[in-house]
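Undergrad:
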Amino acid sequence: PEIEEINRRRALAREMGGPDRVAQQHSLGKLTVRERIEELVDSGSFLERGILGGVGTYDEEENLVDFVPKSTVFGIAKIDERPVSVTGQDFTARPGSGSTGASGTTVTGGPRTISAEHISHEMKIPFIRLIDGFGADIRAVGQKNRTYIPNGNWKLEHELLSEVPIVAAALGAVAGLPAAWVPASHFSVMIKGKTQVFAAGPPVVKRAIGLDIPKEDLGGFRQHSRTSGVVNNEAEDEVDALQQIRRFLSYLPTNVWELPPFGDESDPRDRKAQELRSIIPRDRNRGYNPRELISFVMDRNSTFELSRYYGGSQITMFARLNGRPVGIIANDPMVHGGAQDASAARKIEKFVDTCDTFHLPIINFSDQPGFMIGPAAEAAGTLRAGVRTAVAIGQATVPWATVIVRRVYGVAGGA
Numbered sequence: 171p172e173i174e175e176i177n178r179r180r181a182l183a184r185e186m187g188g189p190d191r192v193a194q195q196h197s198l199g200k201l202t203v204r205e206r207i208e209e210l211v212d213s214g215s216f217l218e219r220g221i222l223g224g225v226g227t228y229d230e231e232e233n234l235v236d237f238v239p240k241s242t243v244f245g246i247a248k249i250d251e252r253p254v255s256v257t258g259q260d261f262t263a264r265p266g267s268g269s270t271g272a273s274g275t276t277v278t279g280g281p282r283t284i285s286a287e288h289i290s291h292e293m294k295i296p297f298i299r300l301i302d303g304f305g306a307d308i309r310a311v312g313q314k315n316r317t318y319i320p321n322g323n324w325k326l327e328h329e330l331l332s333e334v335p336i337v338a339a340a341l342g343a344v345a346g347l348p349a350a351w352v353p354a355s356h357f358s359v360m361i362k363g364k365t366q367v368f369a370a371g372p373p374v375v376k377r378a379i380g381l382d383i384p385k386e387d388l389g390g391f392r393q394h395s396r397t398s399g400v401v402n403n404e405a406e407d408e409v410d411a412l413q414q415i416r417r418f419l420s421y422l423p424t425n426v427w428e429l430p431p432f433g434d435e436s437d438p439r440d441r442k443a444q445e446l447r448s449i450i451p452r453d454r455n456r457g458y459n460p461r462e463l464i465s466f467v468m469d470r471n472s473t474f475e476l477s478r479y480y481g482g483s484q485i486t487m488f489a490r491l492n493g494r495p496v497g498i499i500a501n502d503p504m505v506h507g508g509a510q511d512a513s514a515a516r517k518i519e520k521f522v523d524t525c526d527t528f529h530l531p532i533i534n535f536s537d538q539p540g541f542m543i544g545p546a547a548e549a550a551g552t553l554r555a556g557v558r559t560a561v562a563i564g565q566a567t568v569p570w571a572t573v574i575v576r577r578v579y580g581v582a583g584g585a
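For what it's worth, our numbering labels the leading residue of the sequence shown as 171, then goes sequentially.
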């Protein structure tokens, strides 16, 4: 009977928030957390941990009559036959918030989230967060009749960032601590028109500073993948976001003690791209398509761009050369003439750090006119950001090759 009871509780946990809430999730065009994990990882590879965690309701004879599962699902899986640790918030259970329950979890996300991080730390495998919810559950605070002092313990986060790839997908309205998880990653992605990321949502903003603002304007993709740079990439839908995660991880090693994996080597090494002879205009006042140039040099169909719409005068992408993953930096002369502004500098700095951490050689297709100039550039702190980028480049230890495409000027070019 004990085994039957365990299986019954597992079945209840897999129902998540119940049929009505699951149907509501689907009506919003969203997958459930379990469907997201199934879409993300190799088929049949997900091994869930802590499935019995949650809050039970018992009758007078102490028989379980109802069960509300934890608001997170986590475990170990494989992507392209390589192990990963994955955790996701279940919005159908308790709107994806941290909560307290019979297991004595804390209001900061619960030990299930922490356990997923520890699995990644102990096994030295990539860590993936599928984020769809808020921070502390205020109801849980009321149950305890007290609040808590934030411990500020990000030590494990810091260690993970220097050891394994960390990926975050924002898949709904994300606020509080989960919002901080999004940029605490090497790669992040959000869905156009359906994802918002903010420290606090519109009701809190209105109460605190008197500003009435729609959630999309406050923290949508135009704000964070195009203006603030908090999120790297934007996706058309959840499936696109999850496929981008798989693509990103395909260029990186499992951890910093390994080398990046080889990819498809079917593109002939002696292939000649005749288009390269004419892609750069003879008139230096005319622009060209740098992404097309890069595609001719790298292995066919091997590029994956990061933060395309942020800091647009500089391009950052992964690609493969003879099957080997490499990092690519380039100037886009069609945006500010390719000049490096503060946003572009910050983008380059993070990208170089990521490549250096995970042993990806960097190829710089340089057409650098220098730092962006003018009052707006000065107000944005272009010089400070540019110098930080120069320091990051100087500290990098991976092989570095520069192709001077057309021009290299100034401090930005010298970096």
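Glycine included, C-beta positions come from ideal geometry on N, C-alpha and C. For clarity, every value in this text was computed on a predicted model and none was experimentally measured.
If we count Cβ pairs, one from each stretch, closer than 8 Å, do we get three or more for the stretch 397-407 versus the stretch 468-479?
TA: The answer is yes - the stretch 468-479 touches the stretch 397-407, with three or more Cβ pairs under 8 Å.
Undergrad: With DSSP collapsed to three states, give me the class of L553.
TA: Helix.
Undergrad: Note the first and the last residue of the continuous beta strand (DSSP E) segment covering F488.
TA: Residues Q484 to L491.
Undergrad: Let me confirm a value: K376 is counted as buried when at least 16 other C-beta atoms fall within 10 Å, else exposed. Which label applies?
TA: Answer is exposed; the Cβ neighbour count stays below 16.
Undergrad: Does K325 pass the burial test, meaning 16 or more other C-beta atoms within 10 Å, or should it be called exposed?
TA: By the neighbour-count rule (16 or more Cβ atoms within 10 Å), K325 is not buried but exposed.
Undergrad: Contact defined as beta carbons within less than 8 Å: I believe A339 pairs with I301. What is the distance between those atoms, to the nearest angstrom?
TA: Yes, A339 and I301 are in contact; Cβ-Cβ is about 7 Å, under 8 Å.
Undergrad: Quick check on DSSP: helix, strand or coil for I499?
TA: Correct three-state label for I499: strand.
Undergrad: Give the single residue among S358, E445 and S436 whose Cα lies nearest to the Cα of R416.
TA: For R416, the nearest C-alpha among the options comes from S358.
Undergrad: Which same chain residues, not among the five before or five after F521, have their C-beta less than 6 Å away from its C-beta?
TA: T486.
Undergrad: Locate the beta strand (DSSP E) running through I336, then write down its first and last residues.
TA: From DSSP, the beta strand (DSSP E) with I336 extends over I336 to A340.
Undergrad: Where does R554 land, buried or exposed, given buried means 16+ other C-beta within 10 angstroms?
TA: With fewer than 16 Cβ atoms within 10 Å of its Cβ, R554 is classed as exposed.
Undergrad: Ordered along the chain, which non-local residues of its own chain (more than five positions away) have a Cβ less than 7 Å from that of F261?
TA: Counting only Cβ-Cβ distances below 7 Å, and skipping sequence neighbours, we find Q195, D302, G303 and G342.
Undergrad: Run the CB neighbour count on D434, radius 10 Å, all protein chains shown included, and call it buried at 16 or more, exposed below.
TA: Exposed.
Undergrad: From the DSSP output, which residues share a beta bridge with K248?
TA: According to DSSP, K248 bridges with P253.
Undergrad: So, is D236 buried or exposed, given that buried needs 16 or more other C-beta atoms within 10 angstroms?
TA: With fewer than 16 other Cβ atoms within 10 Å, it is exposed.
Undergrad: Taking the Cβ atom as the reference point for each residue, do A369 and A349 lie within a distance shorter than 8 Å?
TA: Contact: yes.
Undergrad: My understanding is that R180 touches L222, with C-beta atoms under 8 Å, so please give their C-beta distance in whole angstroms.
TA: Between L222 and R180 the Cβ distance is about 7 Å, and since that is below 8 Å, they are a contact.
Undergrad: Who are W170's beta bridge partners in DSSP?
TA: Nothing about residue 170 can be read from this structure; the chain reaches only from 171 to 585.
Undergrad: Could you round the C-beta distance between I289 and G258 to whole angstroms and report it? I think they count as a contact, below 8 Å.
TA: Incorrect: roughly 14 Å between the Cβ atoms, too far for contact.
Undergrad: Classify T270 as helix, strand or coil using the three-state DSSP reduction.
TA: For T270, the predicted model reports a pLDDT of 39, less than 50, meaning its position is unreliable; a value from the coordinates is still stated below. Coil, per DSSP.
Undergrad: With contact counted as at least three CB pairs below 8 Å, one residue from each stretch, are the stretch 198-215 and the stretch 387-397 in contact?
TA: No, the stretch 198-215 is not in contact with the stretch 387-397.
Undergrad: Kindly indicate which three-state DSSP category T242 falls into: helix, strand or coil?
TA: Strand.
Undergrad: Might you give, ordered along the chain, the residues of its own chain that have their beta carbon closer than 7 Å to the beta carbon of G371, omitting 5 neighbours on each side?
TA: Result list for G371: A343, A345 and K385, in chain order.
Undergrad: Between which residues of its own chain and T567 is the CB-CB distance below 8 Å, once the five residues before and five after are set aside?
TA: So the qualifying residues of the chain are D526.
Undergrad: Considering only their Cβ atoms, is the gap separating A286 from S255 smaller than 8 Å?
TA: Taking 8 Å as the Cβ cut-off, S255 and A286 qualify as a contacting pair.
Undergrad: Under 7 Å Cβ to Cβ from M468, same chain only, skipping five residues before and after it: list those, please.
TA: So the qualifying residues of the chain are A489, R490 and L491.
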